[in-house]
């Protein structure tokens, strides 16, 4: 009570912090008349002046008021928009590496220009991260007008860009793109064999739009680059047929964690079915020989029981397409991992694609923590403020609205079952639509969207359904959701980032209705007519009460519900929000206090009757808090496990960078050779042991296998001063003699290239194998909890031991290759061999859900293999029978999957990039 008294008297800590920023805002406002008096040329010259001040020792904080005042005046002249004082506060918060929580419609995109302009002045680059490619391109074009006018360069990263274009985009002062593109480029860069092929530069500052979506919702799933493994189609089909015979009493399903465990009866029954089918190597289901079959069995069971069509995925064009659980969007080309996607494909009877093996991975937490300065903006972050601080050390600052919020948030309405609830929803929508009030309906799945659509069809209500089946139109549909009587059904937060303006979005209407008309009086007349119509429609909607946001179900996260509510009541507009719930909703069914709800609802409610209660709403919020806490624990667990790998990843990537930057790596190779010889001798002759205990036969075998030498070890044993050190010294002498002969017989420059190529190739190979081992370890280490051991501690210990073993194996492998193989110059190849496809994925290690994939990584393949052993790039020089003059884009780093620049409409690899290249290289 005392705390609330002081809060009402002194304000919250957030209020006091925001108030402290008003001094800086006043300094910016004081400069406005001076900026307004400048000519366009003088205002543009401010960029150069501010850069000179930085070069002369001033800091970004020193020049902030003048930079913000410059940016605001430039925005007025270029974009026709002037930053409000609250937007200046948001810009300061972003510059300080914090999160600005601003309500929907408060102009977050414009706020970002202030911090972006200021931080781009030092020339180190600013990355502006968005949630999808549409927003990245839109913001780069829209806000890019301002930056370019002020003399700054702007780049945008989208899928299918060639490496040359990517490198140019990253070299710009300001670079727009999605979180997935930035993350995958980082991983791909660290798979390349030459520094010149890397596209990213040193990290400086990232500003993340919809920061909660990227750093919270998507942070549970690491980014993964993978390559294909062997085809096991028959195994998937056979196991799926067996799983379809499983009885419900054979297993126990946990919907909360999406896990399924066999009962004792089920374990015996499924073991017999697998034995009858001949899939088991031994009679016991859980013998180590049957591990792979049991793994695929569990995935098939999960696919058949837990993953539902039109909810978790849809079948389109004979393919299983994942539905994003957060946005309801279709995730084209993206796949679940660990055989789960193949199990779903077998279940649906579509073509089964082979599994993939991890080649590189990173979590968003560890990727974004590499930025020295990280900031973000969103409409909803306060509920996850503790997580933002604990994981990212980012403070959440609530920015006051420019105009007080007028929206009315009504209590939830509770119904007995789904049918009653949807009938009530359809009736409410019809009533609002008839009086001209626009309605935005939020659903949690495609299935629910289509069910509601059927109810509205019966009521004769015209409506738009925006879900994963047609997300191409989502921005245009959402933009017009504020027109009189419009009814828009959207899965979760589809269309996020697009303003819903009452009366309709003028820009989108002009684009849709007169976009194809040529410039002239007719077009101007049509635009004026649209403007008049929008003004009339806005007045009608305001009279009807503004946008009505209707939630058909509570999401498991309060933040998602707040996002939906926040679509109404922008910039002081009136608005209304209400959620409709029933006992059959997933949140209540899985997480709610079942008996209490069931008792009240079933005994007190008649069919079709509703109740509304603050107490029930509070109970829902408690259930949501439970789920949020569980999801946070899941994300925290992902970070803890990835932190272990991250330490190892840093070592490997730093080593790769060092190798790429070195003129020669002979000193590294010599150290590896000496360490390998020491390890071989120590293995056969352990320290402190007697000569009669030494494994001389094993020593001879290992020396011949690894070093390719047959030294007179028996003669050495007859000498008086025999000891392990003598063996080491003599073996090193012989190995060095062999290497000296090889090096002297080769071209020194060629040999250096070969050493670098082999070192990088084997490092990548062993790192890939190590990742696969860690993946397998993470899948089973939780079982150690039964032995009263902490799984994460066990994982740390074993991962460290595995990493040491990997480095030891790498040293031995490099030594063996260089000592046992002869260098020869390979004959010119008319065509490079076909390479495996590399896929990019955004995969949850706990559920196997994959949230992202942007193609086959063709640009990566060219980079990875084009430089091996000094070979020229695959796209440099003549291609087959066609001369270099036939391909004007040769050597331009164009992705093989990108559209051909000639405008044919075909992919580059099927057009000007089709023929093979003549290459010359060296092999060892």
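In full-length UniProt numbering, the protein residues as written are 1 to 924. Ideal placement from N, C-alpha and C gives every residue a C-beta, glycine not left out. All figures in this text were calculated on a predicted structure; none of them were measured in a lab.
message: Distance cutoff 7 Å, beta carbons only. Does residue 116 sit that close to anything in chain B?
response: Considering every chain present, this structure includes no chain B. It has just one protein chain.
- request: Could you tell me how far apart the beta carbons of residue 500 and residue 559 are, in whole angstroms, since I believe they sit closer than 8 Å?
  value: Locating residue 500 in the chain shown gives position 500, where the first residue counts as 1. Locating residue 559 in the chain shown gives position 559, where the first residue counts as 1. Not a contact, Cβ separation roughly 19 Å.
- prompt: When the Cα atoms are used, what is the spatial distance from residue 625 to residue 217?
  reply: Numbered from 1 along the chain shown, position 625 holds the residue referred to as residue 625. Numbered from 1 along the chain shown, position 217 holds the residue referred to as residue 217. Rounded to whole angstroms, residue 625 to residue 217 spans 15 Å at the Cα level.
- prompt: What separation, rounded to the nearest whole angstrom, lies between the Cα atoms of residue 158 and residue 328?
  reply: Your numbering for residue 158 matches position 158 in the chain shown. Your numbering for residue 328 matches position 328 in the chain shown. Between residue 158 and residue 328, the C-alpha separation is close to 21 Å.
Exposure label - residue 302; buried when at least 16 CB within 10 Å: For the purposes of this step, residue 302 is taken as the residue at position 302 of the chain shown. Classification for residue 302: buried.
field: Residues near residue 544 in its chain [Cβ-Cβ closer than 6 Å; skip 5 each side]
entry: The sequence position of residue 544 within the chain shown is 544, counting from 1. Here the set comprises 435, 436 and 437.
message: Can you look up residue 774 in the DSSP assignment and give me helix, strand or coil?
response: Translated into positions along the chain shown, residue 774 becomes position 774. If DSSP states are grouped into helix, strand and coil, residue 774 belongs with the helices.
- request: Go through its chain and collect everything with a Cβ distance to residue 46's Cβ below 6 Å, but skip five positions before and after it.
  value: Against the chain shown, residue 46 aligns to sequence position 46. Here the set comprises 70.
task: State the DSSP-derived secondary structure class of residue 501, mapped to helix, strand or coil.
output: Along the chain shown, read from residue 1 onward, the residue named residue 501 stands at position 501. Residue 501 falls in the coil class under three-state DSSP.
Cβ-heavy atom distance, residue 66 to the ligand ZN, below 6 Å: Annotation note on the ligand ZN: not contained in the displayed structure, which lists no ligands.
message: To the nearest angstrom, how far is the alpha carbon of residue 56 from that of residue 148?
response: In the chain shown, residue 56 corresponds to position 56, counting from 1. In the chain shown, residue 148 corresponds to position 148, counting from 1. Answer to the nearest angstrom: the Cα atoms are 24 Å apart.
task: Under the assumption that residue 307 contacts residue 344 (Cβ atoms under 8 Å), give the Cβ distance between them as a whole number of angstroms.
output: The count along the chain shown starts at 1 and reaches residue 307 at position 307. The count along the chain shown starts at 1 and reaches residue 344 at position 344. Under the criterion of beta carbons closer than 8 Å, residue 307 and residue 344 qualify as touching, at roughly 6 Å.
task: Taking residue 416 as part of the beta strand (DSSP E), name the residues at either end of that continuous run.
output: By one-based count along the chain shown, residue 416 stands at place 416. Run containing residue 416: none; DSSP gives neither H nor E here.
Runs of alpha helix (DSSP H) wholly within the stretch 358-419 (minimum 4 residues, chain order): 364-368 and 385-392
- request: Report yes or no: do the stretch 249-269 and the stretch 377-392 share at least 3 C-beta pairs separated by less than 8 Å?
  value: no
- prompt: Between residue 449 and the rest of its own chain, which residues show a CB-CB distance below 6 Å, the 5 nearest in sequence each way excluded?
  reply: On the chain shown, position 449 is the one that residue 449 refers to. The beta carbon of residue 449 is closer than 6 Å to those of 443, 465, 467, 489 and 491 in its chain, skipping five residues each way along the sequence.
- request: Could you say which of 677, 722 and 720 lies nearest to residue 702 if we only look at CA atoms?
  value: Here residue 702 refers to the residue found at position 702 of the chain shown. Comparing C-alpha distances from residue 702 to each of 677, 722 and 720 shows the shortest one belongs to 677.
query: What whole-angstrom Cβ distance do residue 153 and residue 172 have, given they're in contact under 8 Å?
result: In the chain shown, the residue the question calls residue 153 occupies position 153. In the chain shown, the residue the question calls residue 172 occupies position 172. About 4 Å; that satisfies the 8 Å criterion.
field: Contacting residues, own chain, Cβ-Cβ under 8 Å from residue 459 (five flanking each side not counted)
entry: Position 459 of the chain shown, counted from the start, is the residue given in the question as residue 459. For residue 459, where only same-chain residues beyond five positions count, the Cβ hits under 8 Å are 426, 427, 429 and 430.
task: Express the C-alpha separation of residue 29 and residue 13 in angstroms, rounding to a whole number.
output: The sequence position of residue 13 within the chain shown is 13, counting from 1. The sequence position of residue 29 within the chain shown is 29, counting from 1. Looking at the two C-alpha atoms, the distance is approximately 25 Å.
Close beta carbons around residue 167, own chain, < 6 Å, minus the five adjacent residues each side: Within the chain shown, the letter at position 167 stands for residue 167. So the list reads 199, once near-sequence residues are dropped.
message: Can you tell me which residues form a DSSP beta bridge with residue 316?
response: Taking the first residue of the chain shown as 1, we reach residue 316 at position 316. Answer is 319.
- prompt: DSSP puts residue 262 in a beta bridge; with which residues?
  reply: Walking along the chain shown from the start, residue 262 turns up at place 262. DSSP output for residue 262 lists 251 as bridge partner(s).
message: Tell me whether the stretch 722-738 and the stretch 663-677 touch, counting them as touching only if at least three CB pairs, one residue from each stretch, are closer than 8 Å.
response: yes
message: Using a 10 Å radius around the Cβ and a threshold of 16 neighbouring Cβ atoms, would you call residue 75 buried or exposed?
response: As a first step, residue 75 is located in the chain shown; it is residue number 75 there, counting from the start. Its Cβ being crowded by 16 or more others within 10 Å, residue 75 is buried.
message: Which residue wins for smallest C-alpha separation from residue 761, given the options 718, 811 and 574?
response: Here residue 761 refers to the residue found at position 761 when the chain shown is read from its first residue. Of the listed residues, the one whose Cα sits closest to residue 761 is 811.
query: Considering only C-alpha positions, which residue in the set 474, 486, 300 and 89 is nearest to residue 456?
result: The residue given as residue 456 occupies position 456 in the chain shown. The alpha carbon of residue 456 has as its nearest neighbour, out of 474, 486, 300 and 89, the alpha carbon of 486.
field: For residue 566, three-class secondary structure by DSSP
entry: Numbered from 1 along the chain shown, position 566 holds the residue referred to as residue 566. Correct three-state label for residue 566: coil.
CB of residue 541 within 7 Å of CB of residue 503, strictly: Residue numbering aside, residue 541 sits at position 541 when the chain shown is read from its first letter. Residue numbering aside, residue 503 sits at position 503 when the chain shown is read from its first letter. For residue 541 and residue 503, yes; Cβs fall inside 7 Å.
message: By the three-class DSSP mapping on this structure, what secondary structure does residue 172 have?
response: Numbered from its first residue, the chain shown carries residue 172 at position 172. Residue 172: coil per DSSP, three-state reduction.
query: Rounded to the nearest angstrom, how far is the Cβ of residue 556 from that of residue 530, given a contact under 8 Å?
result: Here residue 556 corresponds to residue number 556 of the chain shown, with the count starting at 1. Here residue 530 corresponds to residue number 530 of the chain shown, with the count starting at 1. Actually they are not in contact, since the Cβ atoms of residue 556 and residue 530 sit about 41 Å apart, beyond 8 Å.
- request: Assuming residue 130 contacts residue 209 (C-beta within less than 8 Å), just tell me the rounded distance between them.
  value: For the purposes of this step, residue 130 is taken as the residue at position 130 of the chain shown. For the purposes of this step, residue 209 is taken as the residue at position 209 of the chain shown. Going by Cβ atoms, the distance from residue 130 to residue 209 rounds to 5 Å, so yes, they are a contact pair.
Those residues which DSSP pairs with residue 580 across a bridge: Within the chain shown, numbered from 1, the residue matching residue 580 stands at position 580. According to DSSP, residue 580 bridges with 413.
- prompt: Is residue 178 helix, strand or coil when you go by DSSP?
  reply: To locate residue 178, count along the chain shown from 1; it is residue 178. Three-state result, residue 178: strand.
- prompt: Is the stretch 578-593 touching the stretch 616-623, taking contact as three or more C-beta pairs under 8 Å?
  reply: They touch, by the three-pair rule.
message: On the DSSP letters alone, give me the boundaries of the beta strand (DSSP E) that residue 718 sits inside.
response: Here residue 718 refers to the residue found at position 718 when the chain shown is read from its first residue. Run containing residue 718: none; DSSP gives neither H nor E here.
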